[in-house]
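Asker:
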Amino acid sequence: GAVVSQHPSRVICKSGTSVKIECRSLDFQATTMFWYRQFPKQSLMLMATSNEGSKATYEQGVEKDKFLINHASLTLSTLTVTSAHPEDSSFYICSGSSGAASYNEQFFGPGTRLTVL
Amino acid sequence: EDKVVQSPLSLVVHEGDTVTLNCSYEVTNFRSLLWYKQEKKAPTFLFMLTSSGIEKKSGRLSSILDKKELFSILNITATQTGDSAVYLCAVEAPQGGSEKLVFGKGTKLTVNP
């Protein structure tokens, strides 16, 4: 199956700093990338959908100025958590979809554990 | 609002038992239902179901979809400790051209030796 990587896998930062998470599709071109957030014992919640070269579409309740998403190429999307606060501590997972098949399977990255102190 | 509900939320069984996990959904625009297994990291894909009544099987796991009653079940027979995980059900519910997945909260399965 297709492979998606995320970097870093774990990050700890101080409150008020910004953190960038990278999501790369390694062996396919991800025309669409999705960013999810998962709090402990909760399900994955979609934060935003991004198509290469265009602005991301954010889900209701997700602040686009706080969670900056860039999908500059078909293999790379980044999520920047700006001015992070402890309540932003979560598990962030990206997925990529090639859009090549009638069923656009999403391939998940391994996730990034963010802890804001 | 699109919704996916899984039950039970948690389940503890002994090795060798058979378990059935449930997933019901209400979405505006249904395309497919997917089952994932999540251990410590990101979910891994198990099944995709699009048609009612057709069972999908992979080893000891099987799943079926009922589009009339809007639910799916995931069966695991002869459970092993390695089956311990959170099982997530998701529905692909495209909106405005976006391939949106709506996830349930998951069923946490613990298989004891």
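As they're listed, the protein sequences go chains A and B.
So in our numbering the end of the first sequence lands on 117, straight run, no missing numbers.
So in our numbering the end of the second sequence lands on 113, straight run, no missing numbers.
For each residue, glycine too, the CB sits at the ideal point set by N, CA and C.
Keep in mind the model is a prediction, meaning the values are calculated, not measured.
Run through chain B and tell me which residues come within less than 8 angstroms of SER25 of chain A, C-beta to C-beta.
Answerer: Ordered by position in chain B, no residue passes the 8 angstroms Cβ test against SER25 of chain A, which lies about 14 angstroms from the chain.
Asker: Quick check: LEU49 of chain B and LYS57 of chain B, are their CB atoms within less than 9 angstroms of each other?
Answerer: No. Outside cutoff.
Asker: May I ask you to verify whether the region 84-94 of chain B touches the region 108-117 of chain A, counting CB pairs closer than 8 angstroms and requiring at least 3?
Answerer: Counting Cβ pairs under 8 angstroms, fewer than three are found: no touch.
Asker: GLN38 of chain A: buried (16+ other C-beta within 10 angstroms of its C-beta) or exposed?
Answerer: GLN38 of chain A comes out buried.
Asker: List, in chain order, every chain B residue whose beta-carbon is nearer than 9 angstroms to that of GLY53 of chain A.
Answerer: Residues of chain B passing the Cβ test: none, with the nearest at roughly 15 angstroms.
Asker: Measuring straight from C-alpha to C-alpha, what distance separates ALA101 of chain A and CYS23 of chain A?
Answerer: Note that ALA101 of chain A scores a pLDDT of 49, beneath 50, so its modelled location is shaky; the value from the coordinates is reported in the next line. If you take the alpha carbons of ALA101 of chain A and CYS23 of chain A, they lie about 21 angstroms apart.
Asker: Would you say LEU33 of chain B lies against chain A (beta-carbon separation less than 9 angstroms)?
Answerer: With 9 angstroms as the cut-off, LEU33 of chain B does not count as an interface residue toward chain A.
Asker: In chain C, what lies closer than 8 angstroms to LYS41 of chain B by C-beta?
Answerer: Considering every chain present, this structure includes no chain C. Its protein chains are A and B.
Asker: Where does the unbroken beta strand (DSSP E) through GLU92 of chain B begin, and where does it stop?
Answerer: Its beta strand (DSSP E) spans residues 85-92.
Asker: Under 9 angstroms between the Cβ atoms of VAL102 of chain B and TYR25 of chain B?
Answerer: Against a cut-off of 9 angstroms, the Cβ pair of TYR25 of chain B and VAL102 of chain B comes out as a contact.
Asker: Using a Cβ cut-off of 9 angstroms, pull out every chain A residue sitting near GLY104 of chain B, in sequence order please.
Answerer: Correct list: SER43.
Asker: Express the C-alpha separation of MET33 of chain A and ALA56 of chain A in angstroms, rounding to a whole number.
Answerer: Answer to the nearest angstrom: the Cα atoms are 9 angstroms apart.
Asker: So, at 7 angstroms on beta carbons, what are the nonlocal neighbours of LEU74 of chain A in its own chain, with the 5 sequence-adjacent residues on each side left out?
Answerer: Contacts found: GLN29, ALA30, THR31, GLU52.
Asker: What is the DSSP secondary structure of LEU9 of chain B, counted as helix, strand or coil?
Answerer: It is coil, neither helix nor strand.
Asker: Shorter than 9 angstroms from the beta carbon of ILE93 of chain A to some beta carbon of chain B?
Answerer: It does: the Cβ of ILE93 of chain A has a partner Cβ on chain B nearer than 9 angstroms.
Asker: Roughly how many angstroms lie between the CA atoms of GLU87 of chain A and SER10 of chain B, to the nearest whole one?
Answerer: Their backbone Cα atoms lie some 26 angstroms apart in a straight line.
Asker: For THR49 of chain A, which of helix, strand or coil comes out of DSSP?
Answerer: THR49 of chain A falls in the strand class under three-state DSSP.
Asker: If I measure Cβ to Cβ from PRO113 of chain B and keep anything under 7 angstroms in the same chain, skipping five residues before and after, which residues do I get?
Answerer: Contacts found: GLU15, THR81.
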